[in-house]
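>
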Amino acid sequence: MAVSSQTDDQRFMAMALDQARGAAAAGEVPVGAVLTVAGEVLSARGNERERLHDPTAHAEMLVLRDAAQIIGGWRLREATLYVTLEPCAMCAGAMVLARIKRLVYGADDPKAGAAGTILNIVDHPALNHRPEVRAGVMAIEAARLLREFFATRRERDVL
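In my numbering, the protein residues as written are 381 to 539.
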């Protein structure tokens, strides 16, 4: 099995950013996720909370569900999850429970980040699994996408 490189991390994060842009175009908060195993994409999704009327339809949750269905089991021990925004507590908890190998994320989330910013669920000593974490991959692009989305939304709400 090939070890992930910085180039791979950037390539898969670029795919996650594409998913985030698609989510924004659909009126969703622009967060995208890609889940890989051995360098192969198993799932790529953007947020779908509005479309599905589901508070748990975060991009990360959707790719975890897809991947578990594809491999036929809930343990994703060899998976790397790429996400444009630091996961929230729900998503970070799901990643720990799914036993993912690596988490690679873009922008920190100062309001709800649970991979080190507000909470650190992915590295909590009481939990039985701790994925490797790489933060800040293409963070500027991810943060810009979120800022532009919310600025546009605020302008629209004012008018």
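Even for Gly, the Cβ is constructed at its ideal location relative to N, Cα and C.
Keep in mind the model is a prediction, meaning the values are calculated, not measured.
Let me check one thing: in DSSP terms, what residues is residue 508 bridge-paired to?
Sequence index remark: in the sequence shown, residue 508 carries index 128 (1-based). Residue 508 pairs with nothing; no bridge assigned.
> Can you check which of these residues, 423, 387, 525 and 417, is closest to residue 439 by C-alpha distance?
As a first step, residue 439 must be located in the sequence shown, where it is residue number 59. Nearest of 423, 387, 525 and 417 to residue 439, Cα basis: 423.
> Strictly by DSSP, which residues pair up with residue 420?
In the sequence shown, the residue the question calls residue 420 occupies position 40. Paired residues: 417.
> Can the beta-carbon of residue 403 be found closer than 8 Å to that of residue 414?
For the purposes of this step, residue 403 is taken as residue 23 along the sequence shown, with counting starting at 1. For the purposes of this step, residue 414 is taken as residue 34 along the sequence shown, with counting starting at 1. Going by C-beta atoms, residue 403 is not nearer than 8 Å to residue 414.
> Does residue 508 pass the burial test, meaning 16 or more other C-beta atoms within 10 Å, or should it be called exposed?
Taking the sequence shown and counting its residues from 1, one reaches residue 508 at position 128. Residue 508 is exposed by the Cβ-count criterion.
> Does DSSP classify residue 412 as helix, strand or coil?
Translated into positions along the sequence shown, residue 412 becomes position 32. Strand, per DSSP.
> Cutting at 6 Å between CB atoms, please list the residues of its own chain near residue 473, excluding the five before and the five after it.
Taking the sequence shown and counting its residues from 1, one reaches residue 473 at position 93. 501.
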